[in-house]
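Notes to accompany the following structure.
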Amino acid sequence: MKKCFLTSKHGYPIPCHMNWEGQDQVLIVCHGFGSSKESPMVQALHREMPGHGIGVCAFDFPAHGESPVWQEGLRVPFCLDDLTVVEEHLRTIAPQVRIGYFGSSFGAYITLLHLSRGTAAGKRAFLRSAAVSMPRLVDTWVDDRARADLDRQGYFVPDYDYVREMRITRDFLRDLEENDVFACYQPGQVQLSMVHGGRDDVAPTADAVRFARQFGAELLILPNGEHNLMGEGELEQVLSQAVSFFQKM
Numbered sequence: 472m473k474k475c476f477l478t479s480k481h482g483y484p485i486p487c488h489m490n491w492e493g494q495d496q497v498l499i500v501c502h503g504f505g506s507s508k509e510s511p512m513v514q515a516l517h518r519e520m521p522g523h524g525i526g527v528c529a530f531d532f533p534a535h536g537e538s539p540v541w542q543e544g545l546r547v548p549f550c551l552d553d554l555t556v557v558e559e560h561l562r563t564i565a566p567q568v569r570i571g572y573f574g575s576s577f578g579a580y581i582t583l584l585h586l587s588r589g590t591a592a593g594k595r596a597f598l599r600s601a602a603v604s605m606p607r608l609v610d611t612w613v614d615d616r617a618r619a620d621l622d623r624q625g626y627f628v629p630d631y632d633y634v635r636e637m638r639i640t641r642d643f644l645r646d647l648e649e650n651d652v653f654a655c656y657q658p659g660q661v662q663l664s665m666v667h668g669g670r671d672d673v674a675p676t677a678d679a680v681r682f683a684r685q686f687g688a689e690l691l692i693l694p695n696g697e698h699n700l701m702g703e704g705e706l707e708q709v710l711s712q713a714v715s716f717f718q719k720m
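Set out below in structure tokens:
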């Protein structure tokens, strides 16, 4: 696995891990909110997918992991631009490679917005615990304390044990409000496969079911699964479904 830094459209470096040795397929992996390219799920993909002839390219969103920017970079357009930069890099170094997407939670939300633009190179996307209702989820964090912090310092910090302190600004809240995947995604753009936990209390299962029905995505629900889908045997099920899905590319 090789570490590299790509230059974002906004001038900051994008930390990447490239685990691709010339396979004819490569996945661009988008991690969840408050997570990073070092997450257990991403590391599992690095271990599993190359053995099935599928390379892996993971990167840190702005204000996540090793990203040098903080709340000023935590914007939906910046996340989309960074995903585009990673995709363009892969297309430059390997024009014939087939690109797929693996998105977890917030990363699945960004992946769907990227696909909604209609310019994505890939034709298949795998969505794990997809936060398809991300704008509504984050809106529930905006309580009286959060509003006071926004007024006082320009951001608030959600009460979650994230890898880094996540600073939510009004600009980010506005970005989410303006980017509803149910409003902008069009069915038939790519093949979608989803896996979701039946006990997900972060990204509601009902929203995933509604999205899958509306847009024709295949959906596997793991009945006892929570948001991280790391219960007994669940990681193996996620990996197995992903391998089967991408081997059809």
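Just so we're on the same page, my numbering is the position in the sequence shown counted from 1, plus 471.
Idealized CB from N, CA, C, for every residue including glycine.
Keep in mind it's a predicted model, so treat the numbers as computed, not measured.
DSSP-derived helix/strand/coil call for residue i
i, result
"Leu700", "coil"
"Tyr580", "helix"
"Gly544", "helix"
"Glu648", "helix"
"Glu509", "coil"
"Ser538", "coil"
"Glu636", "coil"
"Ser587", "helix"
"Gly668", "strand"
Exposure label - residue i; buried when at least 16 CB within 10 Å
i, result
"Gln496", "buried"
"Tyr631", "exposed"
"Pro533", "buried"
"Asp671", "buried"
"Met472", "exposed"
"Cys723", "Because the chain here runs from 472 to 720, residue 723 falls outside it and cannot be looked at."
Beta-ladder partner(s) of residue i, from DSSP
i, result
"Ala529", "His488, Val500"
"Gln662", "Arg595"
"Phe476", "Pro486"
"Ile570", "Val497"
Own chain residues within Cβ distance below 7 Å of residue i, not counting five before or after
i, result
"Asp651", "Pro606"
"Gly669", "Thr676, Ile692, Leu693, Pro694, Asn695, Gly696"
When the options are compared against residue i, the one with the closest alpha-carbon
i, options, result
"Arg599", "Pro658, Ala679, Asp610, Arg641", "Ala679"
"Phe530", "Glu543, Arg588, Glu558", "Glu558"
"Ser538", "Cys487, Leu710, Ala601", "Cys487"
"Glu636", "Asp672, Ser507, Asp610", "Ser507"
"Asp552", "Leu690, Thr582, Asp642", "Thr582"
"Ala654", "Gly687, Gln514, Phe682, Met489", "Phe682"
"Ile639", "Pro658, Pro484, Leu663, Asp614", "Asp614"
Cβ neighbours of residue i in the same chain (closer than 6 Å, five flanking residues each side left out)
i, result
"Tyr580", "Ala602, Met605"
"Leu586", "Gln660, Val661"
Own chain, CB closer than 8 Å to residue i, minus 5 neighbours either side, in chain order
i, result
"Leu608", "Ala602, Val673, Ala674"
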